[in-house]
Amino acid sequence: MIRGKYRILGKVGEGGMAVVYKAAHTSFQELRALKVMNPALALDNAFVKRFTHEAVLTRKLLHPNAVRVDDIDEADDGRPFIVMEYIEGRNLEEVIRHEAPMSWNRVCEIIRQVASALDYAHRMNIVHRDIKPSNIVLIRETTPHHPDQIKETAKVLDFGIAKALEAGSDKTTQTFATLTGTGGVIGTPAYMSPEQARGLRGDQLDGRSDLYSLGIVMYQMLVGRLPFKADTGYEWILAHVQTPPTPTWVARPDLDIPHPVATVVMQCLEKDPQARPMGAAALIEEISRVEQASPDASGPSRVGAQPLRKKSSALTSPSRGYEKQSTKRGWIGWVSAVMAVAVLVGGAILWKTQQARRVSTVATPQQTELAKPVTETRPTSSKDHSANSDAPSPPTQQPVPASEQAATPNATSSSNSAVVIPPEEADTKERTPAPAATVTEPPIT
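Its first residue numbered 0, the sequence shown is counted upward by one per residue in numbering that gives the first Met the number 0.
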(Lines of atoms letter the chains of each structure in order from A; the text may use other names.)
(Lines give C-alpha, C1' and ligand atoms only; values in the text may rest on other atoms or scores of the structure.)
Protein backbone atom coordinates (compact mmCIF):
# COMPACT_ATOMS: atom_id res chain seq x y z
CA MET A 0 0.00 0.00 0.00
CA ILE A 1 1.34 3.39 -1.00
CA ARG A 2 0.05 6.55 0.66
CA GLY A 3 -2.81 4.55 2.09
CA LYS A 4 -4.82 4.54 -1.18
CA TYR A 5 -2.85 2.65 -3.83
CA ARG A 6 -2.61 -1.10 -3.44
CA ILE A 7 0.25 -2.58 -5.52
CA LEU A 8 -0.92 -5.48 -7.70
CA GLY A 9 2.28 -6.21 -9.57
CA LYS A 10 5.35 -4.90 -11.35
CA VAL A 11 4.83 -3.83 -14.92
CA GLY A 12 8.29 -2.74 -16.00
CA GLU A 13 11.53 -1.09 -15.00
CA GLY A 14 13.76 1.45 -16.68
CA GLY A 15 16.79 3.54 -15.91
CA MET A 16 14.73 6.26 -14.29
CA ALA A 17 11.81 4.52 -12.57
CA VAL A 18 9.91 1.34 -11.82
CA VAL A 19 6.29 1.02 -12.99
CA TYR A 20 3.69 -0.83 -10.89
CA LYS A 21 0.12 -1.83 -11.52
CA ALA A 22 -2.01 -0.55 -8.64
CA ALA A 23 -5.65 -0.24 -7.63
CA HIS A 24 -7.15 2.89 -6.13
CA THR A 25 -8.85 1.69 -2.97
CA SER A 26 -11.54 4.39 -2.95
CA PHE A 27 -12.38 4.62 -6.66
CA GLN A 28 -11.83 0.92 -7.38
CA GLU A 29 -9.96 1.84 -10.52
CA LEU A 30 -6.69 0.58 -11.92
CA ARG A 31 -3.75 2.97 -12.08
CA ALA A 32 -0.09 2.83 -13.12
CA LEU A 33 2.44 4.14 -10.64
CA LYS A 34 5.86 5.22 -11.85
CA VAL A 35 8.17 5.41 -8.83
CA MET A 36 11.47 7.24 -9.27
CA ASN A 37 14.77 5.44 -8.92
CA PRO A 38 16.34 6.00 -5.45
CA ALA A 39 19.59 7.31 -6.95
CA LEU A 40 17.80 10.02 -8.92
CA ALA A 41 15.53 10.84 -5.98
CA LEU A 42 18.59 12.11 -4.09
CA ASP A 43 19.06 14.97 -6.59
CA ASN A 44 16.80 17.76 -5.36
CA ALA A 45 17.21 19.80 -8.55
CA PHE A 46 16.05 16.87 -10.66
CA VAL A 47 13.11 16.13 -8.36
CA LYS A 48 11.98 19.75 -8.65
CA ARG A 49 12.25 19.72 -12.41
CA PHE A 50 10.54 16.33 -12.62
CA THR A 51 7.63 17.64 -10.57
CA HIS A 52 7.31 20.72 -12.77
CA GLU A 53 7.22 18.65 -15.95
CA ALA A 54 4.64 16.29 -14.43
CA VAL A 55 2.35 19.25 -13.71
CA LEU A 56 2.62 20.39 -17.35
CA THR A 57 2.06 16.88 -18.68
CA ARG A 58 -1.12 16.55 -16.61
CA LYS A 59 -2.64 19.21 -18.87
CA LEU A 60 -1.92 17.04 -21.90
CA LEU A 61 -5.35 15.50 -22.35
CA HIS A 62 -5.37 13.65 -25.66
CA PRO A 63 -6.84 10.25 -26.62
CA ASN A 64 -3.45 9.10 -27.93
CA ALA A 65 -1.42 10.20 -24.89
CA VAL A 66 -1.35 8.41 -21.54
CA ARG A 67 -3.12 10.61 -19.01
CA VAL A 68 -1.32 11.76 -15.84
CA ASP A 69 -3.65 11.93 -12.83
CA ASP A 70 -1.47 12.87 -9.91
CA ILE A 71 2.04 13.23 -8.49
CA ASP A 72 2.98 12.32 -4.95
CA GLU A 73 5.73 10.93 -2.73
CA ALA A 74 6.08 7.41 -1.41
CA ASP A 75 6.66 6.65 2.26
CA ASP A 76 10.42 6.61 1.69
CA GLY A 77 10.35 10.06 0.05
CA ARG A 78 10.61 8.93 -3.56
CA PRO A 79 8.33 10.84 -5.91
CA PHE A 80 5.94 8.87 -8.10
CA ILE A 81 3.50 9.68 -10.88
CA VAL A 82 -0.01 8.28 -11.03
CA MET A 83 -1.12 7.54 -14.61
CA GLU A 84 -4.03 5.84 -16.28
CA TYR A 85 -3.49 2.12 -16.54
CA ILE A 86 -3.74 0.69 -20.03
CA GLU A 87 -3.59 -2.94 -21.09
CA GLY A 88 -2.03 -3.43 -24.45
CA ARG A 89 1.03 -4.55 -26.32
CA ASN A 90 4.22 -2.55 -26.38
CA LEU A 91 5.13 -1.51 -29.93
CA GLU A 92 8.64 -2.82 -29.38
CA GLU A 93 7.20 -6.27 -28.83
CA VAL A 94 4.91 -5.96 -31.85
CA ILE A 95 7.83 -5.03 -34.10
CA ARG A 96 9.90 -7.90 -32.80
CA HIS A 97 7.22 -10.48 -33.65
CA GLU A 98 5.30 -8.97 -36.58
CA ALA A 99 7.63 -6.69 -38.57
CA PRO A 100 7.68 -5.95 -41.40
CA MET A 101 4.13 -4.70 -40.89
CA SER A 102 1.60 -3.75 -43.56
CA TRP A 103 1.94 -0.14 -44.66
CA ASN A 104 -1.77 0.55 -44.00
CA ARG A 105 -1.43 -0.44 -40.36
CA VAL A 106 1.82 1.49 -40.01
CA CYS A 107 0.27 4.67 -41.41
CA GLU A 108 -2.68 4.42 -39.03
CA ILE A 109 -0.44 3.97 -35.96
CA ILE A 110 1.94 6.75 -36.98
CA ARG A 111 -0.97 9.12 -37.62
CA GLN A 112 -2.26 8.59 -34.08
CA VAL A 113 1.18 9.10 -32.54
CA ALA A 114 1.68 12.24 -34.65
CA SER A 115 -1.70 13.52 -33.46
CA ALA A 116 -0.57 13.25 -29.83
CA LEU A 117 2.74 14.92 -30.68
CA ASP A 118 0.97 17.77 -32.47
CA TYR A 119 -1.17 18.43 -29.40
CA ALA A 120 1.91 18.39 -27.16
CA HIS A 121 3.96 20.59 -29.48
CA ARG A 122 1.21 23.22 -29.40
CA MET A 123 1.73 23.28 -25.64
CA ASN A 124 5.51 23.67 -26.17
CA ILE A 125 6.11 20.13 -24.91
CA VAL A 126 8.70 18.16 -26.88
CA HIS A 127 8.83 14.46 -26.01
CA ARG A 128 12.56 13.96 -26.77
CA ASP A 129 12.40 10.17 -26.42
CA ILE A 130 10.02 8.76 -29.02
CA LYS A 131 10.73 5.04 -29.46
CA PRO A 132 8.71 1.79 -29.74
CA SER A 133 8.92 1.06 -26.01
CA ASN A 134 7.14 4.37 -25.29
CA ILE A 135 4.19 3.49 -27.55
CA VAL A 136 1.49 1.04 -26.48
CA LEU A 137 -1.14 -0.46 -28.81
CA ILE A 138 -4.59 -1.14 -27.40
CA ARG A 139 -7.14 -3.31 -29.17
CA GLU A 140 -10.70 -2.31 -28.44
CA THR A 141 -14.12 -2.51 -30.04
CA THR A 142 -15.74 0.50 -31.64
CA PRO A 143 -18.93 1.88 -30.01
CA HIS A 144 -21.10 1.61 -33.12
CA HIS A 145 -19.58 -1.61 -34.47
CA PRO A 146 -18.92 -4.09 -31.65
CA ASP A 147 -17.76 -6.72 -34.12
CA GLN A 148 -14.92 -4.49 -35.39
CA ILE A 149 -11.61 -4.22 -33.55
CA LYS A 150 -9.88 -0.85 -33.45
CA GLU A 151 -6.18 -0.44 -32.67
CA THR A 152 -5.37 2.66 -30.63
CA ALA A 153 -1.85 3.98 -30.02
CA LYS A 154 -0.91 5.60 -26.71
CA VAL A 155 2.28 7.59 -26.13
CA LEU A 156 4.04 7.37 -22.77
CA ASP A 157 6.50 9.51 -20.80
CA PHE A 158 5.88 13.03 -22.02
CA GLY A 159 8.20 15.44 -20.22
CA ILE A 160 10.42 12.79 -18.61
CA ALA A 161 13.38 13.23 -20.97
CA LYS A 162 13.19 17.01 -20.62
CA ALA A 163 13.33 16.72 -16.83
CA LEU A 164 16.44 14.55 -17.11
CA GLU A 165 17.93 16.84 -19.72
CA ALA A 166 17.46 19.94 -17.55
CA GLY A 167 18.92 18.30 -14.45
CA SER A 168 22.31 18.96 -12.97
CA ASP A 169 25.56 17.32 -14.04
CA LYS A 170 25.12 14.93 -11.15
CA THR A 171 21.76 13.89 -12.53
CA THR A 172 23.24 13.30 -15.98
CA GLN A 173 26.07 11.21 -14.58
CA THR A 174 23.67 9.17 -12.44
CA PHE A 175 21.35 8.53 -15.38
CA ALA A 176 24.31 7.59 -17.57
CA THR A 177 25.47 5.07 -14.97
CA LEU A 178 22.00 3.54 -14.68
CA THR A 179 21.33 3.30 -18.42
CA GLY A 180 24.83 2.90 -19.85
CA THR A 181 24.24 5.60 -22.46
CA GLY A 182 27.45 7.48 -21.77
CA GLY A 183 25.79 10.68 -20.56
CA VAL A 184 23.36 10.95 -23.48
CA ILE A 185 19.79 11.82 -22.55
CA GLY A 186 17.50 9.75 -24.77
CA THR A 187 17.79 6.48 -26.64
CA PRO A 188 20.80 6.54 -29.02
CA ALA A 189 19.16 4.44 -31.74
CA TYR A 190 16.19 6.85 -32.01
CA MET A 191 17.57 10.28 -31.16
CA SER A 192 17.63 13.11 -33.68
CA PRO A 193 20.81 14.62 -35.15
CA GLU A 194 20.15 17.74 -33.05
CA GLN A 195 20.16 15.68 -29.88
CA ALA A 196 23.24 13.79 -31.06
CA ARG A 197 25.05 17.11 -31.49
CA GLY A 198 24.21 18.04 -27.90
CA LEU A 199 21.41 20.55 -28.46
CA ARG A 200 19.04 20.86 -25.50
CA GLY A 201 16.19 22.89 -24.07
CA ASP A 202 14.80 25.54 -26.38
CA GLN A 203 17.26 24.54 -29.11
CA LEU A 204 15.02 21.54 -29.86
CA ASP A 205 11.55 21.72 -31.38
CA GLY A 206 8.90 19.29 -32.51
CA ARG A 207 10.82 18.29 -35.64
CA SER A 208 13.25 16.42 -33.39
CA ASP A 209 10.35 14.15 -32.39
CA LEU A 210 9.41 13.68 -36.07
CA TYR A 211 12.89 12.34 -36.82
CA SER A 212 12.56 9.79 -34.01
CA LEU A 213 9.07 8.89 -35.22
CA GLY A 214 10.48 8.40 -38.73
CA ILE A 215 12.92 5.81 -37.38
CA VAL A 216 10.03 4.03 -35.66
CA MET A 217 8.04 4.07 -38.91
CA TYR A 218 11.04 2.77 -40.86
CA GLN A 219 11.50 -0.09 -38.38
CA MET A 220 7.82 -1.03 -38.58
CA LEU A 221 7.89 -1.16 -42.39
CA VAL A 222 11.29 -2.77 -42.98
CA GLY A 223 11.85 -4.77 -39.81
CA ARG A 224 15.19 -3.19 -38.93
CA LEU A 225 16.73 0.20 -38.20
CA PRO A 226 17.98 2.51 -40.99
CA PHE A 227 21.53 2.49 -39.56
CA LYS A 228 23.94 -0.12 -38.29
CA ALA A 229 25.88 0.57 -35.09
CA ASP A 230 27.07 -1.34 -32.05
CA THR A 231 27.69 1.37 -29.46
CA GLY A 232 26.05 4.58 -28.38
CA TYR A 233 28.81 6.67 -29.95
CA GLU A 234 28.42 4.85 -33.27
CA TRP A 235 24.72 5.61 -33.20
CA ILE A 236 25.42 9.29 -32.55
CA LEU A 237 27.85 9.47 -35.47
CA ALA A 238 25.37 7.66 -37.72
CA HIS A 239 22.60 10.15 -36.95
CA VAL A 240 24.89 13.08 -37.69
CA GLN A 241 26.90 11.82 -40.66
CA THR A 242 25.49 8.66 -42.27
CA PRO A 243 22.63 8.85 -44.80
CA PRO A 244 19.91 6.32 -43.93
CA THR A 245 19.48 3.31 -46.18
CA PRO A 246 16.32 3.87 -48.31
CA THR A 247 13.50 1.45 -47.65
CA TRP A 248 13.49 0.31 -51.28
CA VAL A 249 17.18 -0.56 -50.98
CA ALA A 250 16.95 -2.23 -47.57
CA ARG A 251 13.99 -4.41 -48.60
CA PRO A 252 13.33 -4.30 -52.35
CA ASP A 253 11.17 -7.40 -51.98
CA LEU A 254 8.52 -5.54 -49.98
CA ASP A 255 5.55 -3.83 -51.62
CA ILE A 256 6.02 -0.50 -49.85
CA PRO A 257 4.30 2.23 -51.89
CA HIS A 258 6.66 4.88 -53.11
CA PRO A 259 4.74 7.75 -51.43
CA VAL A 260 4.95 5.94 -48.07
CA ALA A 261 8.68 5.44 -48.47
CA THR A 262 8.98 9.11 -49.41
CA VAL A 263 7.31 10.21 -46.16
CA VAL A 264 9.63 7.99 -44.12
CA MET A 265 12.80 9.23 -45.78
CA GLN A 266 11.67 12.83 -45.45
CA CYS A 267 11.30 12.43 -41.69
CA LEU A 268 14.87 11.08 -41.59
CA GLU A 269 16.42 14.20 -43.08
CA LYS A 270 19.49 15.43 -41.22
CA ASP A 271 18.38 19.03 -41.66
CA PRO A 272 15.24 19.83 -39.62
CA GLN A 273 14.20 22.34 -42.32
CA ALA A 274 13.85 19.50 -44.83
CA ARG A 275 11.49 17.47 -42.62
CA PRO A 276 7.76 18.10 -42.35
CA MET A 277 7.18 21.46 -40.72
CA GLY A 278 5.25 19.85 -37.89
CA ALA A 279 3.27 16.83 -36.77
CA ALA A 280 0.13 18.27 -38.39
CA ALA A 281 1.95 18.45 -41.75
CA LEU A 282 3.03 14.83 -41.34
CA ILE A 283 -0.57 13.78 -40.72
CA GLU A 284 -1.68 15.59 -43.89
CA GLU A 285 0.98 13.85 -45.96
CA ILE A 286 0.02 10.43 -44.58
CA SER A 287 -3.61 11.16 -45.47
CA ARG A 288 -2.62 12.09 -49.03
CA VAL A 289 -0.60 8.89 -49.30
CA GLU A 290 -3.62 6.80 -48.32
CA GLN A 291 -5.92 8.67 -50.71
CA ALA A 292 -3.47 8.30 -53.58
CA SER A 293 -3.21 4.55 -53.10
CA PRO A 294 -5.48 2.55 -55.43
CA ASP A 295 -5.75 -0.22 -52.85
CA ALA A 296 -6.32 0.94 -49.28
CA SER A 297 -6.92 -2.57 -48.01
CA GLY A 298 -3.45 -3.96 -48.45
CA PRO A 299 0.09 -3.37 -49.67
CA SER A 300 0.57 -2.12 -53.16
CA ARG A 301 3.24 -0.42 -55.20
CA VAL A 302 2.24 3.05 -56.25
CA GLY A 303 4.34 5.34 -58.41
CA ALA A 304 3.39 8.83 -57.33
CA GLN A 305 5.11 12.18 -57.38
CA PRO A 306 6.80 13.46 -54.19
CA LEU A 307 4.43 15.07 -51.77
CA ARG A 308 6.45 18.09 -51.27
CA LYS A 309 9.77 19.63 -51.99
CA LYS A 310 12.62 17.41 -50.84
CA SER A 311 16.34 17.71 -50.64
CA SER A 312 18.91 15.17 -51.67
CA ALA A 313 20.56 13.11 -48.98
CA LEU A 314 22.14 10.74 -51.45
CA THR A 315 24.89 13.27 -52.04
CA SER A 316 24.83 15.13 -48.74
CA PRO A 317 24.13 13.85 -45.21
CA SER A 318 21.84 16.81 -44.56
CA ARG A 319 19.62 16.19 -47.59
CA GLY A 320 16.94 13.73 -48.69
CA TYR A 321 16.18 11.75 -51.77
CA GLU A 322 13.09 12.95 -53.51
CA LYS A 323 14.37 16.29 -54.81
CA GLN A 324 17.25 14.57 -56.60
CA SER A 325 14.94 12.07 -58.30
CA THR A 326 12.42 14.82 -59.09
CA LYS A 327 15.16 16.99 -60.60
CA ARG A 328 16.36 14.14 -62.77
CA GLY A 329 12.78 13.52 -63.89
CA TRP A 330 12.25 17.16 -64.93
CA ILE A 331 15.57 17.24 -66.77
CA GLY A 332 14.58 14.09 -68.66
CA TRP A 333 11.20 15.54 -69.66
CA VAL A 334 12.71 18.85 -70.80
CA SER A 335 15.40 17.03 -72.81
CA ALA A 336 12.80 14.83 -74.49
CA VAL A 337 10.61 17.82 -75.41
CA MET A 338 13.58 19.70 -76.83
CA ALA A 339 14.65 16.68 -78.89
CA VAL A 340 11.14 16.29 -80.35
CA ALA A 341 11.01 20.02 -81.15
CA VAL A 342 14.33 19.83 -82.99
CA LEU A 343 13.19 16.83 -85.05
CA VAL A 344 9.87 18.43 -85.97
CA GLY A 345 11.56 21.72 -86.87
CA GLY A 346 14.11 19.91 -89.02
CA ALA A 347 11.41 17.98 -90.87
CA ILE A 348 9.45 21.16 -91.60
CA LEU A 349 12.58 22.97 -92.84
CA TRP A 350 13.51 20.04 -95.10
CA LYS A 351 10.03 19.92 -96.63
CA THR A 352 10.10 23.68 -97.21
CA GLN A 353 13.42 23.49 -99.02
CA GLN A 354 12.22 20.60 -101.17
CA ALA A 355 9.12 22.56 -102.14
CA ARG A 356 11.22 25.56 -103.17
CA ARG A 357 13.58 23.36 -105.19
CA VAL A 358 10.65 21.75 -107.03
CA SER A 359 9.11 25.14 -107.80
CA THR A 360 12.32 26.44 -109.38
CA VAL A 361 13.20 23.38 -111.53
CA ALA A 362 10.79 22.64 -114.44
CA THR A 363 10.14 19.06 -115.53
CA PRO A 364 10.52 17.94 -119.17
CA GLN A 365 6.77 17.73 -119.56
CA GLN A 366 6.39 21.29 -118.25
CA THR A 367 9.06 22.40 -120.73
CA GLU A 368 7.20 20.84 -123.64
CA LEU A 369 3.94 22.38 -122.50
CA ALA A 370 5.62 25.79 -122.34
CA LYS A 371 6.66 25.70 -126.00
CA PRO A 372 4.65 28.08 -128.28
CA VAL A 373 2.08 26.52 -130.55
CA THR A 374 2.12 27.67 -134.19
CA GLU A 375 -1.37 28.04 -135.55
CA THR A 376 -2.47 28.96 -139.02
CA ARG A 377 -5.90 30.38 -139.02
CA PRO A 378 -7.99 29.45 -142.12
CA THR A 379 -9.56 32.21 -144.07
CA SER A 380 -12.97 31.96 -145.67
CA SER A 381 -13.90 33.22 -149.18
CA LYS A 382 -17.15 34.42 -150.48
CA ASP A 383 -18.90 32.07 -152.78
CA HIS A 384 -19.36 34.31 -155.85
CA SER A 385 -19.95 31.47 -158.19
CA ALA A 386 -20.79 27.79 -158.17
CA ASN A 387 -18.18 27.27 -160.91
CA SER A 388 -16.20 24.12 -160.34
CA ASP A 389 -13.00 25.82 -161.48
CA ALA A 390 -12.94 28.05 -158.40
CA PRO A 391 -9.82 27.45 -156.31
CA SER A 392 -10.13 25.70 -152.96
CA PRO A 393 -9.68 27.71 -149.79
CA PRO A 394 -6.39 27.32 -148.02
CA THR A 395 -6.23 24.49 -145.47
CA GLN A 396 -4.72 24.35 -141.93
CA GLN A 397 -1.07 23.33 -141.75
CA PRO A 398 -0.37 20.06 -139.96
CA VAL A 399 1.07 20.19 -136.47
CA PRO A 400 4.55 18.69 -136.09
CA ALA A 401 4.69 15.20 -134.63
CA SER A 402 6.78 16.32 -131.68
CA GLU A 403 4.14 18.84 -130.69
CA GLN A 404 1.39 16.29 -131.17
CA ALA A 405 3.16 13.99 -128.74
CA ALA A 406 3.48 16.76 -126.18
CA THR A 407 -0.15 17.79 -126.55
CA PRO A 408 -2.11 14.72 -127.62
CA ASN A 409 -5.49 16.25 -126.98
CA ALA A 410 -4.82 19.42 -128.96
CA THR A 411 -5.79 17.85 -132.31
CA SER A 412 -8.05 15.08 -131.18
CA SER A 413 -11.15 17.23 -130.93
CA SER A 414 -12.37 20.31 -132.63
CA ASN A 415 -13.67 21.60 -129.31
CA SER A 416 -10.32 21.29 -127.50
CA ALA A 417 -8.79 24.57 -126.32
CA VAL A 418 -5.34 25.53 -127.56
CA VAL A 419 -3.24 27.40 -125.01
CA ILE A 420 -1.26 30.16 -126.66
CA PRO A 421 1.41 32.00 -124.68
CA PRO A 422 0.62 35.68 -124.08
CA GLU A 423 3.54 36.82 -126.25
CA GLU A 424 2.35 34.79 -129.20
CA ALA A 425 -1.19 36.01 -128.68
CA ASP A 426 -0.08 39.61 -128.84
CA THR A 427 1.96 38.94 -132.03
CA LYS A 428 -0.91 37.28 -133.81
CA GLU A 429 -3.20 40.17 -132.94
CA ARG A 430 -0.76 42.63 -134.49
CA THR A 431 -0.10 40.52 -137.69
CA PRO A 432 -3.13 40.44 -140.08
CA ALA A 433 -4.04 37.17 -141.70
CA PRO A 434 -2.98 36.86 -145.39
CA ALA A 435 -5.69 37.74 -147.88
CA ALA A 436 -7.21 34.98 -149.96
CA THR A 437 -6.58 35.07 -153.82
CA VAL A 438 -9.73 34.76 -155.89
CA THR A 439 -9.58 34.20 -159.71
CA GLU A 440 -12.49 35.75 -161.54
CA PRO A 441 -13.71 33.80 -164.60
CA PRO A 442 -13.37 35.59 -167.99
CA ILE A 443 -16.38 37.44 -169.30
CA THR A 444 -17.66 36.22 -172.59
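For every residue, glycine included, the Cβ atom is placed at its ideal position computed from N, Cα and C. The model shown is predicted, which means the values in this text are computed figures rather than measured ones.
Annotation: Gly198 is outside any alpha helix (DSSP H) and is labelled neither H nor E by DSSP. Per DSSP, the unbroken beta strand (DSSP E) holding Gly9 starts and ends at Tyr5 to Glu13. DSSP places Glu269 outside both helix and strand once states are collapsed to three, so it counts as coil. Taking C-beta atoms as the reference points, Thr57 and Pro79 fail to come closer than 9 Å. Straight through space, the alpha carbons of Met83 and His144 are spaced by roughly 28 Å.
With respect to Val249, Leu221 sits apart: the two C-beta atoms are not nearer than 9 Å. At a Cβ-Cβ threshold of 9 Å, Ala281 and Leu117 do not count as neighbours.
The Cβ atoms of Pro244 and Tyr218 lie closer than 9 Å to each other. Under DSSP, Tyr20 shares a beta bridge with Lys10 and Leu33. Setting aside the 5 residues that flank it on each side, Arg207 is surrounded in the same chain by Pro272 and Arg275, each with a C-beta closer than 7 Å to its C-beta; the list follows chain order.
Pairing Ala120 with Val136 gives a Cβ-Cβ distance that is not under 9 Å. Residue pairing from DSSP places Phe80 in a beta bridge opposite Val35 and Asp72. Note that the C-beta distance between Ile283 and Ala114 is below 9 Å. The residue among Val47, Ile149, Glu73 and Glu93 with its C-alpha nearest the C-alpha of Gly159 is Val47. Counting only runs that start and end inside the stretch 83 to 154, the alpha helix (DSSP H) elements of at least 4 residues fall at 91 to 98 and 103 to 122.
Along the stretch 198 to 234, the beta strand (DSSP E) does not occur as any fully enclosed run of 3 or more residues. Nearest Cα to Ala39 within the set Ala54, Leu61, Gly15 and Val19: Gly15.
Nearest Cα to Lys4 within the set Val19, Val18, His24 and Gly12: His24. By the Cβ-count criterion, Ile95 is buried, with 16 or more other Cβ atoms from all chains shown falling within 10 Å of its own Cβ. For Ala54, the enclosing alpha helix (DSSP H) has its first and last residue at Asn44 to Arg58.
By the criterion of at least three beta-carbon pairs nearer than 8 Å, the stretch 66 to 79 is not in contact with the stretch 120 to 132. Closest in C-alpha terms to Lys10, from the list Ser26, Arg31, Arg2 and Phe27, comes Arg31. Ranking Ile215, Ser26 and Glu140 by CA distance to the CA of Leu268 puts Ile215 first.
Contact between Pro100 and Leu254 is confirmed by a C-beta separation of about 6 Å, below the 8 Å threshold. Residues of the same chain with a CB within less than 7 Å of the CB of Val68, apart from the 5 flanking positions on each side, are Ala54, Thr57, Arg58, Ile81 and Met83 in chain order. Closest by C-alpha distance to Met123, out of Ile236, Asp205 and Asp147, is Asp205. About 12 Å separates the Cβ atoms of Leu8 and Val19, ruling out a contact at the 8 Å cut-off. In the three-state reduction of the DSSP assignment, Ile1 falls in the strand class. Following the DSSP letters along the chain, one finds Arg275 in no alpha helix (DSSP H), marked with neither H nor E. Per DSSP, reduced to three states, the secondary structure at Ala189 is coil, with no helix or strand assignment. Exposed is the label assigned to Pro146, since fewer than 16 other Cβ atoms lie within 10 Å of its Cβ. By the criterion of a C-beta distance shorter than 7 Å, Leu210 is surrounded in its chain by Cys267, Arg275, Pro276, Ala279 and Leu282, once the five residues flanking it on both sides are discounted.
About 17 Å separates the beta carbon of Ala17 from that of Asn44, a gap too long to meet the 8 Å contact definition.
A distance below 9 Å separates the beta carbons of Asn104 and Glu290.
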